[in-house]
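As structure tokens, the structure follows; a few thoughts come after it.
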Ligand SMILES: C=Cc1c2[nH]c(c1C)Cc1[nH]c(c(CCC(=O)O)c1C)Cc1[nH]c(c(C)c1CCC(=O)O)Cc1[nH]c(c(C)c1C=C)C2
Ligand SMILES: C[C@H]1O[C@@H](n2cnc3c(N)ncnc32)[C@H](O)[C@@H]1O
Ligand code: SF4
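Residue numbers (the working numbering): 60 to 510.
As structure tokens, then:
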């Protein structure tokens, strides 16, 4: 309890800070950086370095009340089919812009719900991606899957196109919690989906869970975790529920009185984490778990864990090309985000332009801070020698910030000539520590809570 008081005093329950899936974070992107930057940076890519590709499908048949993802509901396939046509047009534009010979090392389909696509659209989209950016030899293809919105034919179509990793949304298995978040999902349907995925040769399966949901209790989350363990996933993402109804309007349907309080929320996360560790999972970064031997656990052990917009990854590609509405590209010179609203995205592509609408050009200081923040989020330490090796004498610019962090966080951190280490007892504060290195921390943007 005393320890929790220390964490509380340092902002655990009050701080509202970014999740640092990028630095600078998306809310500070500027409308001054758009299509022209995107075209130039894409053209300047080194064709010898494989890239990652992220493709966003902003459609769902159901709109879960808790969800803060960029997506819209649809009961018919026609907007989805026409969106695939727009993605094909965007892919042709990208293909005309990138250097010849560029290869795709990784492909990820996210959403929304990519499995809203029937098999013929899955094949059409996969063909268009491969035609624009041919896959490298040992490429990886992962897909976000809604177990209630998929069948064997869709899974077989994805597998035939090369899917070798899958991530399924679960959130919580308790019926009362599911009712409170507008997302019904029986265990049996989830189980059948997992069996189909395994049958299709998927050897890396992730399950998304969320703690801090309405009506969630310790008993209920323990039961959810036990059920998840029977599915035998290789990886788990355990996100803290971000209640941001001013961003995600559908969250207004969530009964705030049913949300667990600060302490309860903290205990839910600790309990679930302990249960996964007891079952043999390794902790990965701030909110993931992986079985020993899984690529994510290996990446962590070998110091090559990375953080991107999807969370933690073993992806070694430096460049990410984001396609579709709201997708962000990470290019060597900076970030660019496609128009966020689906209609605005479609309009741009139909006008024959790339869809970049906001972005950020990286300065030397940005690259340094991005590197330090990623190291902290992945390894809970900031290695001064590595920063000096990669950024030269400019790395000294962080020394004052690191000294301030050491003073503010006391014995939860150690600062010496080697760099900064955040001790296990302080890891709940990782995002808050990262924000102390954020030179762009925006005013007036209300982030979700840090715990
Ligand atoms: C699958 C859905 C996604 C999640 N995160 C992202 C996606 C595509 C990436 C993302 N999240 C946010 C941005 C900023 C710009 C924007 O388009 O809105 C991006 C690129 C913002 C954001 N996401 C969540 C919140 C609360 C916010 C607002 C600001 C903040 O607190 O950082 C919630 C949220 N989304 C996702 C998760 C896992 C999550 C909370 C745990 C998924
Ligand atoms: C892509 C994943 O993002 C997570 N997700 C979506 N919305 C939220 C939110 N408001 N808070 C926390 N996690 C969320 C879900 O676990 C989903 O499966
Ligand atoms: S959780 Fe998945 S299915 Fe539910 S609204 Fe969000 S993207 Fe759609």
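Glycine residues also receive a C-beta, built at the ideal position from the N, C-alpha and C atoms.
Below 8 Å on the Cβ atoms is my contact criterion, and I expect residue i with residue j to pass it. Report the Cβ-Cβ distance as a whole number of Å.
i, j, result
"residue 428", "residue 496", "5 Å"
"residue 164", "residue 109", "3 Å"
"residue 268", "residue 230", "6 Å"
"residue 393", "residue 92", "7 Å"
"residue 218", "residue 190", "Not really, about 20 Å apart at Cβ, beyond 8 Å."
"residue 76", "residue 491", "6 Å"
"residue 307", "residue 126", "7 Å"
"residue 3", "residue 415", "Residue 3 is absent from the structure shown; the chain starts at 60 and stops at 510."
"residue 461", "residue 488", "About 15 Å separates the two Cβ atoms, so there is no contact after all."
"residue 101", "residue 390", "7 Å"
"residue 70", "residue 128", "No, residue 70 and residue 128 are not in contact; Cβ-Cβ is about 26 Å, not under 8 Å."
"residue 113", "residue 167", "5 Å"
"residue 174", "residue 204", "5 Å"
"residue 253", "residue 288", "Actually they are not in contact, since the Cβ atoms of residue 253 and residue 288 sit about 12 Å apart, beyond 8 Å."
"residue 367", "residue 381", "Not a contact, Cβ separation roughly 10 Å."
"residue 124", "residue 432", "Contact flag wrong, Cβ pair sits at about 31 Å."
"residue 122", "residue 309", "6 Å"
"residue 494", "residue 72", "In fact, because the Cβ distance is near 15 Å, the residues do not count as touching under 8 Å."
"residue 208", "residue 329", "With 8 Å as the limit, residue 208 and residue 329 do not qualify as a contact, their Cβ atoms being about 32 Å apart."
"residue 425", "residue 83", "6 Å"
Quick one: using the 10 Å Cβ neighbour count with 16 as the cut-off for buried, is residue i buried or exposed?
i, result
"residue 194", "buried"
"residue 220", "buried"
"residue 418", "buried"
"residue 243", "exposed"
"residue 385", "buried"
"residue 347", "buried"
"residue 322", "exposed"
"residue 409", "exposed"
"residue 90", "exposed"
"residue 316", "exposed"
"residue 179", "exposed"
"residue 134", "exposed"
"residue 99", "exposed"
"residue 504", "exposed"
"residue 430", "buried"
"residue 374", "buried"
"residue 336", "exposed"
For residue i, which residues in the same chain have their Cβ closer than 6 Å to its Cβ, ignoring the five residues on either side in sequence?
i, result
"residue 284", "331 and 334"
"residue 507", "301 and 303"
"residue 405", "145"
"residue 249", "206"
"residue 212", "178"
"residue 501", "86 and 87"
Any heavy atom of ligand 4 closer than 8 Å to the beta-carbon of residue i?
i, result
"residue 252", "Absence of ligand 4 is noted for the structure shown, with ligand 1, ligand 2 and ligand 3 being the only ligands found."
Below 7 Å CB to CB, which residues in the same chain sit around residue i once its five sequence neighbours on both sides are set aside?
i, result
"residue 235", "274"
"residue 256", "214, 225 and 264"
"residue 140", "180"
"residue 182", "216 and 220"
"residue 326", "277"
"residue 161", "104, 106, 110 and 192"
State the beta-bridge partners of residue i as determined by DSSP.
i, result
"residue 132", "119"
"residue 270", "299"
"residue 475", "478"
"residue 390", "393"
"residue 508", "75"
"residue 201", "167 and 224"
"residue 341", "349"
"residue 419", "394"
"residue 440", "480"
"residue 365", "372"
"residue 194", "163"
"residue 382", "114"
"residue 263", "224"
"residue 294", "265 and 349"
"residue 244", "Partner(s): none; residue 244 has no beta bridge."
"residue 89", "418"
"residue 230", "268"
For residue i, which residues in the same chain have their Cβ closer than 8 Å to its Cβ, ignoring the five residues on either side in sequence?
i, result
"residue 420", "92, 96, 392 and 393"
"residue 349", "293, 294, 295, 340, 341, 343, 355, 356 and 359"
"residue 477", "442, 443 and 444"
"residue 246", "232 and 286"
"residue 468", "69, 481, 485, 488 and 492"
"residue 270", "280, 297, 298, 299, 300, 324, 327, 328 and 331"
Any heavy atom of ligand 2 nearer than 6 Å to the CB - residues listed: 125, 126, 127, 128, 228, 230, 267, 269, 298, 300 and 301
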